[in-house]
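Peer 1: Each residue of the sequence shown is one higher than the last, beginning at 7 in the numbering used here.
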Amino acid sequence: MNKKVTIILSLFNVEKYLERYFKNVLNQEGVKNIELSIVHNQATSMEKNIIQKYKNKLNITYQEVPLESLYKSWNRAILQSSGEYLVCWNVDDLRECNSIKKMVETLDKNQNIGFTYGDIIIVNSFGKKKGKYVKTPEFTKHLGTTGAIGGPFFMWRRCLIDKIGYFDEQFKSGGDFDYTVRLSIFSRGMKTNGLIGYFLNNGSGLSTKSTELQVLERTAIELRYGIWYKINIDYINRALNYNVNSIVESGKVRLINKEIYKLSESRKIWILFVMYGYFKNNIIKILQNVKGNIFR
Numbered sequence: 007m008n009k010k011v012t013i014i015l016s017l018f019n020v021e022k023y024l025e026r027y028f029k030n031v032l033n034q035e036g037v038k039n040i041e042l043s044i045v046h047n048q049a050t051s052m053e054k055n056i057i058q059k060y061k062n063k064l065n066i067t068y069q070e071v072p073l074e075s076l077y078k079s080w081n082r083a084i085l086q087s088s089g090e091y092l093v094c095w096n097v098d099d100l101r102e103c104n105s106i107k108k109m110v111e112t113l114d115k116n117q118n119i120g121f122t123y124g125d126i127i128i129v130n131s132f133g134k135k136k137g138k139y140v141k142t143p144e145f146t147k148h149l150g151t152t153g154a155i156g157g158p159f160f161m162w163r164r165c166l167i168d169k170i171g172y173f174d175e176q177f178k179s180g181g182d183f184d185y186t187v188r189l190s191i192f193s194r195g196m197k198t199n200g201l202i203g204y205f206l207n208n209g210s211g212l213s214t215k216s217t218e219l220q221v222l223e224r225t226a227i228e229l230r231y232g233i234w235y236k237i238n239i240d241y242i243n244r245a246l247n248y249n250v251n252s253i254v255e256s257g258k259v260r261l262i263n264k265e266i267y268k269l270s271e272s273r274k275i276w277i278l279f280v281m282y283g284y285f286k287n288n289i290i291k292i293l294q295n296v297k298g299n300i301f302r
């Protein structure tokens, strides 16, 4: 029997989070209508024992795989799932117990809306509820197509996959940013009011490590969608190692939609502002160096 909502979940080296996570899912309002689609990377016996405890308590669809990328696992989780709505919820994050119910109500009541998101609290250790409150903005096409407006807990309609496709498996940490931009191109978003959940940022996750990889992937995505005013020019050459005009799904390559290409083309004027800022900053640095050398 198809469920209303599917949580897509990739697991790898997660024993310390798993029990608390499942308890949080069990406490969700309307849990009987929630499917948990799990793709388990390099499953350990301890992790499998914990999952076994909850198999009769939760609606779990389960698959084990060798170690693979996050977004490849997310795509597998989508393909094996049945929910009318799909939702992101990583194992090291926790949700308010009414958050999924509220997001479902947002989509149910607004048939013209493709996805929904909401406020979060960023915490530095798993299980904490005190941290930095992030009040997300109301949706606009500009915000949706220039930034990661969806955050870590966004929910979207399965029927949109026919238009936007699946997560791009070229990426290791920026795929959800890329995906919410596509959602914003082909549909509209709406904020669900109130706190949705608690996002762990302790610097150890794929999406939270401050690394060159993160900047490279962000730059590649900005190139794909013509978000020129945000691009760090120093990373452009390396970011072009990604195929910005194609998306990799389940190991297969497809060209980006013509709507994406048109959006990128329409933003070429932004390049002038980027170049102006780049040359202005470098000229200022040169003048400062010259001045410093003169007065030594």
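Glycine is no exception: its CB is placed at the ideal position from the N, C-alpha and C atoms. The model shown is predicted, which means the values in this text are computed figures rather than measured ones.
Locate the alpha helix (DSSP H) running through residue 186, then write down its first and last residues.
Peer 2: Note, residue 186: alpha helix (DSSP H), 181-192.
Peer 1: Between residue 35 and the rest of its own chain, which residues show a CB-CB distance below 7 Å, the 5 nearest in sequence each way excluded?
Peer 2: The residues are 103, 104, 107.
Peer 1: Run through the stretch 82-154 for me and flag every whole beta strand (DSSP E) of 3 or more residues, listed as ranges in chain order.
Peer 2: Here the runs fully enclosed are 91-94, 121-129, 138-140.
Peer 1: Assess contact between the stretch 60-72 and the stretch 167-176, defined as three or more Cβ pairs (one per stretch) separated by less than 8 Å. Is contact present?
Peer 2: Short answer: they don't touch.
Peer 1: How about the stretch 214-228 and the stretch 176-188: do they share at least three Cβ pairs that are nearer than 8 Å?
Peer 2: Segments in contact, yes.
Peer 1: Taking the CB atoms as reference points, tell me whether residue 196 and residue 112 lie closer together than 7 Å.
Peer 2: In this structure, residue 112 lies closer than 7 Å to residue 196 by Cβ.
Peer 1: Quick check: the stretch 139-157 against the stretch 110-125, are at least 3 beta-carbon pairs closer than 8 Å?
Peer 2: Result yes; three or more Cβ-Cβ pairs closer than 8 Å.
Peer 1: I need the DSSP call for residue 250, collapsed to helix, strand or coil.
Peer 2: Looking at residue 250 - three-state DSSP - the assignment turns out to be coil, as it is neither helix nor strand.
Peer 1: Let me check one thing: in DSSP terms, what residues is residue 303 bridge-paired to?
Peer 2: Since the first and last residues shown for the chain are 7 and 302, residue 303 lies out of range.
Peer 1: May I ask you to verify whether the stretch 84-91 touches the stretch 39-56, counting CB pairs closer than 8 Å and requiring at least 3?
Peer 2: Cβ pair count under 8 Å is three or more, so yes.
Peer 1: Where does residue 49 fall in DSSP's three states?
Peer 2: Residue 49 falls in the coil class under three-state DSSP.
Peer 1: Apart from the five residues just before and just after residue 37, which ones in its own chain have a Cβ nearer than 8 Å to its Cβ?
Peer 2: These residues qualify, in order along the chain: 31, 64.
Peer 1: Can you grab the Cα-Cα spacing for the pair residue 116 / residue 13, in whole Å?
Peer 2: Taking the straight line from one Cα to the other gives about 21 Å.
Peer 1: What residue ranges within the stretch 13-62 form continuous alpha helix (DSSP H) runs of no fewer than 4 residues, ordered along the chain?
Peer 2: If we require 4 residues or more, the alpha helix (DSSP H) runs fully inside the stretch 13-62 come out as 21-32, 51-60.
Peer 1: Could you give the DSSP three-state label for residue 65: helix, strand or coil?
Peer 2: Correct three-state label for residue 65: strand.
Peer 1: In the DSSP assignment, what are the bridge partners of residue 260?
Peer 2: DSSP output for residue 260 lists 253 as bridge partner(s).
Peer 1: Check the C-beta distance from residue 126 over to residue 160 and give it rounded, since I have them as a contact under 8 Å.
Peer 2: No, residue 126 and residue 160 are not in contact; Cβ-Cβ is about 11 Å, not under 8 Å.
Peer 1: Using a Cβ-Cβ cutoff of less than 6 Å, which residues in the same chain neighbour residue 29 once the five nearest sequence positions on both sides are dropped?
Peer 2: None.
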